[in-house]
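Colleague: Quick note: to get this note's numbering, add 15 to the position in the sequence shown (first position is 1). Quick reminder that beta carbons are idealized off the backbone N, C-alpha and C, glycines included. Every value quoted in this text rests on a predicted model; they were computed, and no experiment measured them. One structure, pasted below without further comment.
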Amino acid sequence: MDFSVQILAISTVLAVVLWYTLRRVRESRYKIEKGLRAPEPSGALPFIGHLHLLGAETTLARTFAAMADKYGPIFTIRLGKHPIVVVSNPEANKECFTTHDRILSSRPRSSHGEYLSYNYAAFGFTNSGP
16 MDFSVQILAI STVLAVVLWY TLRRVRESRY KIEKGLRAPE PSGALPFIGH
66 LHLLGAETTL ARTFAAMADK YGPIFTIRLG KHPIVVVSNP EANKECFTTH
116 DRILSSRPRS SHGEYLSYNY AAFGFTNSGP
């Protein structure tokens, strides 16, 4: 009886230490990446993100214009779990699509493209960036 209680206590302590360590690692990564991200409006819900802000009584263009006035010409919203970068300034838009067009049009590498399309040879998986 004492042996099972000891194992339970040790496993509980190890689980708490592991959870705390993983949480600290995630927070430190988030702090590093947060400085590189565009500002994000508050109020994102866990599963739907900012979708509830976009379906308000005002039109979508006015909602984005209000967000651009508050957060600047480039900001991030969440649609579900995916972050979406919104560029609402013509100068920033021109820079994105002329100066940095090859970087922004690339796709992330995946095992699908490597194995199913003969090392990214299929048109749908081709990388157009550097």
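Quick one: what's got a C-beta closer than 8 Å to CYS111's C-beta in the same chain, skipping five residues either side?
Modeller: Answer for CYS111: VAL102, LEU119, listed in chain order.
Colleague: With DSSP as the reference, label PHE90 as helix, strand or coil.
Modeller: Looking at PHE90 - three-state DSSP - the assignment turns out to be strand.
Colleague: Relative to the C-alpha of GLU55, which residue among ASP84, VAL31, THR27 is closest?
Modeller: Nearest C-alpha to GLU55: ASP84.
Colleague: Sort ARG52, LEU69, LEU37 by Cα distance to LEU60 and report the nearest one.
Modeller: The residue with the shortest Cα to Cα distance from LEU60 is LEU69.
Colleague: In whole angstroms, give me the CA-to-CA distance for ASN108 and PRO98.
Modeller: Cα-Cα distance, rounded: 18 Å.
Colleague: Write down every uninterrupted run of the beta strand (DSSP E) in the segment 52-128 whose length is 3 residues or greater and which is fully enclosed by it, in chain order.
Modeller: With a minimum length of 3 residues, the continuous beta strand (DSSP E) runs that stay inside the segment 52-128 are 89-94, 97-102.
Colleague: Express the C-alpha separation of ARG41 and LEU33 in angstroms, rounding to a whole number.
Modeller: LEU33 and ARG41: Cα-Cα distance of roughly 12 Å.
Colleague: Buried or exposed for ILE92, please, with buried defined as at least 16 other CB atoms from any protein chain shown within 10 angstroms of its CB.
Modeller: Under this definition ILE92 is a buried residue.
Colleague: Helix, strand or coil for ALA136 per DSSP?
Modeller: Correct three-state label for ALA136: coil.
Colleague: Would you kindly check if the distance between the Cβ of ALA53 and the Cβ of VAL20 is under 7 Å?
Modeller: In this structure, ALA53 does not lie closer than 7 Å to VAL20 by Cβ.
Colleague: Going by the CB atoms, is the gap between GLY87 and GLY64 shorter than 7 Å?
Modeller: For GLY64 and GLY87, no; Cβs fall outside 7 Å.
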